[in-house]
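**Q** Quick one: structure below, then a few questions.
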Amino acid sequence: MPAVFNPARRLDEALQSAAASAGLPAADFAPEVRPADAQHGDFQANGVLPFAKRHRLTPRVLANQLVAALPADVLTDCTVTVAGPGFINFTLRTGALAAWLQDFGTREALAAGAAAGPLAGQIWLVDYSSPNTAKQMHVGHLRSAVIGEAIARLLAFGGARVIRDNHIGDWGTQFGKLIWAYRRHLDAAALARDPLEEFERLYKAGNAASEADPAVLKEAQQELVKLQAGDADNLAVWRHINEVSLAAFQEIYDRLGIRFDLTLGESFYNDKVSAVYRELTAADLAAESQGALVVFHPEHPRFKTQPFIIRKSDGAANYATTDLATILHRTEALHTDGVLYVVGKPQADHFEQLFLTAKKWFEKTGRTLPRLAHVDFGTVLGENGKALKTRTGDNIKLKELLAEAEARAFTLVSEKSGALPDAERRAIASVVGIGSVQYADLAQNRSSDYVFAWDKMLALDGNTAAYLLYAVARIHSIFRKAGATPGDAAAEAGASALETPAELALARKLVKFPDAVQAATAQLRPHFLCLYLFELAGEYSSFNTADKVLVDDPPVRARRLLLCARTLLILETGLGLLGLRTLQRM
Ligand code: ARG
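Start counting the sequence shown at 215; every next residue gets the next number (our numbering).
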């Protein structure tokens, strides 16, 4: 029988069917099979106690009853014990471990195993990065891009069709002042040098002039009105500003390995907002209040008095209107099953109001709402515990931050591997530098703030990119030394059975990769995968210390190289899912 990709999920299902065949109310039973602390075996079912409690059963009796009803193939693959007040522990037998390593020995096999999960065939849209045009991306934009890309990759690995949508803010009121200044103060040389810098300068100039002179403010407002009315000249300027902004953003996306499928900015929805006003009013959800169109949620403690404004009193659409129109588009034109908004925590209220409004709107109009979730994240802090800024208090530009990461990594690589040619050291520094920034962002629970500390994120030990990339490079070097190729099936056919404690411990960690991916995907929290990869690298390092790989005895050497190859495969696959590149040599 072929091995099951995710042993934890398989055991979960087995316990569920055991409950049914024992005549228990299985529909109410969530076995909660999770990886266990090593002394308890590989997996542990935590759901027996709460289930027993709900049905006034004795937990240990219930646990034994479930074990007795387990399908036979589970007992072939695992030893099963009941422990403590009513936990069920599972330990995979050596043969089952070997079969898993055998069956999931290639990237394709891992991908096929993962893609057979519950996301298969679904369409998920990830709305991430989504900066405003005419401005530089700063460090605050890092998290959405990095977390969004990792989540997009995880969902795709899980079998979903993923649509990456950059919902850029390209239709703000800032365009009045910007166009005013563009017409009068554009510096062509500066534009060619650094367009976003020039747009920022123009915006500041327009703003200062409007503040100093009411006549200028009026002119700027006129420019905005003309733009919104579709004036051809202003549209041309606006288009130019957006094109140039996007090209500059793309340079950053390239460095982070991001490619959007769609870049549907707010302006894309200009002709789609009147339907929103019409439908929400007809459904009695929206009403006029002081000239604006607003939605209240009487059942909500705050939103019964805090309105969701969907049309401003001057008649203009706003962020909320566009987001409502966007939901309709993503439902009816893109047929999504789920939509994820990777946006910082300060927008929590906006999304809560948006989702509540959409839910009622769709219910009233007989539509099915896709699953909507705000994938929030905390702030990037400096080492002083405050939002990260430059010494002069300005926002740190993302492109400068990434350049600094590469420069710092280059210094480190040059110290460690000075003998490598300059170009190779630069290539390594790019992977390590950018990867360190990405990984530091992903390795912690995204909902928390995190402290941006260069020395910590570039460290060679600890839960860092450098540590994992180094583990990858080290395994590649073992294969170079052995004159062998990772995953060579003919060589692996000669492997003997796993035997030493270190071999078995490593194999036990490897088979838990699907569970880590599953946890990261289901909870949309990549740090679960980071933690797993870090622990796997640690297990590998213990194995390396305990057992020599390149021994003379061919079957022993073959089985240890097999473990090396699988560790390499899973580290590279896992890092790839997080959006990192990997290296063969460091
Ligand atoms: N442009 C917005 C900002 O910079 C983020 C947009 C997020 N996506 C969305 N559909 N609201 O804050």
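From the three backbone atoms N, C-alpha and C, an ideal C-beta is built for every residue, glycine too.
List the residues that DSSP assigns as beta-bridge partners of D341.
**A** Position 127 of the sequence shown, counted from the start, is the residue given in the question as residue 341. Partner(s): D379, Y555.
**Q** Among K267, H269, G255, whose alpha-carbon lies nearest the alpha-carbon of D291?
**A** Looking up residue 291 in the sequence shown gives position 77. It is G255.
**Q** Considering only the alpha carbon of each residue, which of Q316, G300, D242 lies closest to P216?
**A** If you number the sequence shown from 1, residue 216 lands on position 2. Among Q316, G300, D242, the Cα nearest to that of P216 is on Q316.
**Q** Counting along the chain, where does the beta strand (DSSP E) carrying E513 start and finish?
**A** On the sequence shown, residue 513 is found 299 positions in, with the first residue counted as 1. Premise fails: E513 is in no beta strand (DSSP E) and is neither H nor E.
**Q** Is the beta carbon of D590 sitting closer than 8 Å to the one on S661?
**A** On the sequence shown, position 376 is the one that residue 590 refers to. On the sequence shown, position 447 is the one that residue 661 refers to. Cβ atoms of D590 and S661: closer than 8 Å.
**Q** So the alpha helix (DSSP H) H588 belongs to, where does it begin and stop?
**A** Here residue 588 is taken as the residue at index 374 of the sequence shown, counted from 1. Note, H588: premise wrong, no alpha helix (DSSP H); beta strand (DSSP E) at 585-589.
**Q** Starting from R248 and walking both ways along the beta strand (DSSP E), at which residues does that stretch end?
**A** Residue mapping note: residue 248 aligns to position 34 of the sequence shown, counting from 1. Where R248 is concerned, the enclosing beta strand (DSSP E) stretches over 247-249.
**Q** Within 7 Å: the Cβ of T540 and any heavy atom of the ligand ARG?
**A** Along the sequence shown, one-based indexing puts residue 540 at 326. Yes.
**Q** Report yes or no: do the segment 423-435 and the segment 388-403 share at least 3 C-beta pairs separated by less than 8 Å?
**A** Touching, yes, given that three or more Cβ pairs across the two stretches are closer than 8 Å.
**Q** Indicate the three-state DSSP secondary structure (helix, strand or coil) for E526 in the structure shown.
**A** For the purposes of this step, residue 526 is taken as the residue at position 312 of the sequence shown. The residue asked about is misnamed: residue 526 is Lys in this sequence, not Glu. K526 falls in the coil class under three-state DSSP.
**Q** Could you check if A252 is buried or exposed, using at least 16 other CB atoms within 10 Å of its CB as the buried criterion?
**A** By one-based count along the sequence shown, residue 252 stands at place 38. Result: exposed.
**Q** For K723, count neighbouring Cβ atoms within 10 angstroms of its own Cβ and tell me buried if that reaches 16, exposed if not.
**A** Against the sequence shown, residue 723 aligns to sequence position 509. With 16 or more other Cβ atoms within 10 Å, it is buried.
**Q** Assuming A329 contacts G300 (C-beta within less than 8 Å), just tell me the rounded distance between them.
**A** Locating residue 329 in the sequence shown gives position 115, counting from the first residue. Locating residue 300 in the sequence shown gives position 86, counting from the first residue. About 35 Å; that fails the 8 Å criterion.
**Q** Straight-line CA distance for A703 to F742?
**A** Against the sequence shown, residue 703 aligns to sequence position 489. Against the sequence shown, residue 742 aligns to sequence position 528. For A703 and F742, the distance between alpha carbons rounds to 31 Å.
**Q** Threshold first: 4 residues or longer. Then list the alpha helix (DSSP H) segments lying entirely within the segment 615-687, N to C.
**A** Listed in chain order, they are 636-656, 668-671.
**Q** Give every residue whose Cβ lies closer than 7 Å to any heavy atom of the ligand ARG, listed in chain order.
**A** Answer in sequence order: D341, S344, P345, N346, H381, I382, G383, Y533, D537, T540, Y555, V557, Q561.
**Q** With respect to the alpha helix (DSSP H) encompassing Q258, which residues constitute its N-terminal and C-terminal limits?
**A** For the purposes of this step, residue 258 is taken as the residue at position 44 of the sequence shown. Looking at the DSSP string, Q258 is not in any alpha helix (DSSP H); the run it does join, the beta strand (DSSP E), is 257-259.
**Q** For the alpha helix (DSSP H) that contains P281, what are its first and last residues?
**A** Within the sequence shown, the letter at position 67 stands for residue 281. The sequence shown places Val at residue 281, rather than the Pro named in the question. That run of the alpha helix (DSSP H) goes 273-282.
**Q** Roughly how many angstroms lie between the CA atoms of A587 and E480, to the nearest whole one?
**A** Stepping through the sequence shown from its first residue, residue 587 is reached at position 373. Stepping through the sequence shown from its first residue, residue 480 is reached at position 266. Taking the straight line joining both Cα atoms gives about 19 Å.
**Q** Do we get a CB-CB distance below 8 Å when we pair F389 with the residues of chain C?
**A** In summary, chain C is missing from the structure at hand, where a single protein chain is found.
**Q** In or out: D341 buried (at least 16 other Cβ within 10 Å) or exposed?
**A** The residue labelled residue 341 in the question sits at position 127 within the sequence shown. Buried is the call here.
**Q** Compute the distance between the beta-carbons of A497 and T582, then report whether it is under 8 Å.
**A** Taking the sequence shown and counting its residues from 1, one reaches residue 497 at position 283. Taking the sequence shown and counting its residues from 1, one reaches residue 582 at position 368. Not a contact, by the Cβ cut-off of 8 Å.
**Q** Would you grab the beta carbon distance between R268 and D226 for me? Rounded to a whole angstrom, and I think it's under 8 Å.
**A** Position 54 of the sequence shown, counted from the first residue, corresponds to residue 268. Position 12 of the sequence shown, counted from the first residue, corresponds to residue 226. Contact doesn't hold; Cβ gap of about 18 Å is too wide.
**Q** Would a C-beta distance cut-off of 8 Å place V725 and L306 closer than the cut-off?
**A** Here residue 725 is taken as the residue at index 511 of the sequence shown, counted from 1. Here residue 306 is taken as the residue at index 92 of the sequence shown, counted from 1. In this structure, L306 lies closer than 8 Å to V725 by Cβ.
**Q** Count the other CB atoms, across all protein chains shown, that sit within 10 Å of the CB of T519; report buried if there are 16 or more and exposed otherwise.
**A** Here residue 519 is taken as the residue at index 305 of the sequence shown, counted from 1. Counting Cβ neighbours within 10 Å, T519 comes out exposed, since fewer than 16 surround it.
**Q** Considering just the uninterrupted stretch of the alpha helix (DSSP H) at F304, what are its terminal residues?
**A** Locating residue 304 in the sequence shown gives position 90, counting from the first residue. Not the alpha helix (DSSP H): F304 falls in the beta strand (DSSP E), residues 301-306.
**Q** Can you tell me whether P728 is buried or exposed, with buried defined as 16 or more other CB within 10 angstroms of its CB?
**A** Your numbering for residue 728 matches position 514 in the sequence shown. The residue in question, P728, is buried, as its Cβ has 16 or more Cβ neighbours within 10 Å.
**Q** What is the DSSP secondary structure of A703, reduced to helix, strand or coil?
**A** On the sequence shown, residue 703 is found 489 positions in, with the first residue counted as 1. It is helical.
**Q** How long is the line joining the alpha carbons of L674 and A772, rounded to whole angstroms?
**A** Here the question's residue 674 lines up with position 460 in the sequence shown. Here the question's residue 772 lines up with position 558 in the sequence shown. So the two alpha carbons sit approximately 29 Å from each other.
**Q** Where does A236 sit, in a helix, a strand or coil, going by DSSP?
**A** Walking along the sequence shown from the start, residue 236 turns up at place 22. The answer is coil: DSSP assigns A236 none of H, G, I, E or B.
**Q** Check whether the segment 452-472 touches the segment 406-416, counting contact only when three or more Cβ pairs, one atom from each stretch, lie closer than 8 Å.
**A** Judged by Cβ distances under 8 Å, the segment 452-472 makes contact with the segment 406-416, as three or more pairs qualify.
**Q** Would DSSP call A751 helix, strand or coil?
**A** Within the sequence shown, residue 751 is the residue found at index 537, counting from 1. Helix, per DSSP.
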